[in-house]
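Heads up: the structure comes next, in structure tokens.
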Amino acid sequence: MGERCVYIIEDETALRTLIREIVSRACNRVHEFSSAESFLADHHHRPAGCILLDIGLPGIDGLELLEIIARGRAAYPVIILSGRGSVPAAVRAGQLGVIDFIEKPFRADALLAAVRKAFELLGTQLTQLGALETLSPRETQVLCSYVDGAPNKVVAHSLGLSVRTVEGYRANVMKKLGVRSLAQALFLAKDGGYL
Numbered sequence: 000m001g002e003r004c005v006y007i008i009e010d011e012t013a014l015r016t017l018i019r020e021i022v023s024r025a026c027n028r029v030h031e032f033s034s035a036e037s038f039l040a041d042h043h044h045r046p047a048g049c050i051l052l053d054i055g056l057p058g059i060d061g062l063e064l065l066e067i068i069a070r071g072r073a074a075y076p077v078i079i080l081s082g083r084g085s086v087p088a089a090v091r092a093g094q095l096g097v098i099d100f101i102e103k104p105f106r107a108d109a110l111l112a113a114v115r116k117a118f119e120l121l122g123t124q125l126t127q128l129g130a131l132e133t134l135s136p137r138e139t140q141v142l143c144s145y146v147d148g149a150p151n152k153v154v155a156h157s158l159g160l161s162v163r164t165v166e167g168y169r170a171n172v173m174k175k176l177g178v179r180s181l182a183q184a185l186f187l188a189k190d191g192g193y194l
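Just so it is clear: in the sequence shown, position 139 is 138 by numbering that gives the first Met the number 0, and no numbers are missing.
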């Protein structure tokens, strides 16, 4: 993976500076935001990267920001930083795809390890998203036909194909995308804007 971008969304200036100093060892671009609103201003045009997010932001809080991002483009790997973590917040963060939940005060090595893990995950996601472009038009059509949980028989009927042919396309899609389940393939299709 070429450029490694980190987006720090933290309302405390001193803490943003400290986080930037730590994560600059693992990335080559750091962007800082003091609020969710400032991050959202143009986030659709930013390169993929890791988000370090304070959950207790004024205005739009961290969890609300994650919900907004999830509706739009492919998910960024997100690491939550929180001084007041709660079980419900951690559970909701997990449902929104957060890869790590680090309580403040944090150790620099723990934060750096989480950022490196996020970049490994991001590299895998970008490879898989790139694989979507290798799908034939028919493979894409078959994959998208599963969006409502339709069984092979229904997909085959709706596309005018045999069940065996649909199963073949489905196997090809999963192999090309490097996934083990149809659910993973559908998540990739959603992240890639196919659904």
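Just so you know, even glycine gets a beta-carbon here, dropped at the ideal spot from N, CA and C.
The structure presented is a predicted model; accordingly, all values stated were derived computationally and were not measured.
No Cβ-Cβ contact shorter than 9 Å links Ser-81 with Lys-116. Between Asp-99 and Ala-113, the CB-CB gap stays under 9 Å. By the neighbour-count criterion, in which a residue is buried when 16 or more other Cβ atoms sit within 10 angstroms of its Cβ, Glu-9 is buried.
Going by beta carbons, Gly-96 and Ala-69 fall inside the 9 Å limit. Under DSSP, Asp-99 forms a beta bridge with Ile-78.
Within a 10 Å sphere around the beta-carbon of Ala-149 sit fewer than 16 other beta-carbons, which makes this residue exposed. Taking every protein chain shown into account, the CB of Arg-169 has 16 or more other CB atoms within 10 angstroms, so this residue is buried. Here the C-alpha atom of Lys-175 lies approximately 14 Å from the C-alpha atom of Leu-125. Rounded to whole angstroms, Leu-121 and Glu-63 show a C-alpha spacing of 22 Å.
Check the Cα spacing between Glu-166 and each of Glu-11, Tyr-145, Thr-12: the tightest is with Tyr-145. Spatial neighbours of Ala-184 in its own chain (CB-CB distance under 7 Å, excluding positions within 5 residues in sequence) are listed in chain order as Leu-142, Val-172, Met-173, Leu-176, Val-178.
The residue from Val-22, Leu-14, Ala-182, Ala-130 with its alpha-carbon nearest to that of Ala-109 is Val-22. One alpha carbon belongs to Val-5, the other to Pro-57, and they sit about 21 Å apart. Residue state for Val-178 is assigned as coil, using DSSP reduced to three classes. Annotation: Tyr-193 to Leu-134 spans about 12 Å, alpha carbon to alpha carbon. When Leu-158, Ala-47, Ile-79 are compared, the shortest CA-CA separation from Ile-54 is found for Ile-79.
The bridge partners DSSP lists for Cys-143 come to none. Taking C-beta separations shorter than 6 Å and ignoring five residues to either side along the sequence, the partners of Leu-65 in its chain run Leu-95, following chain order.
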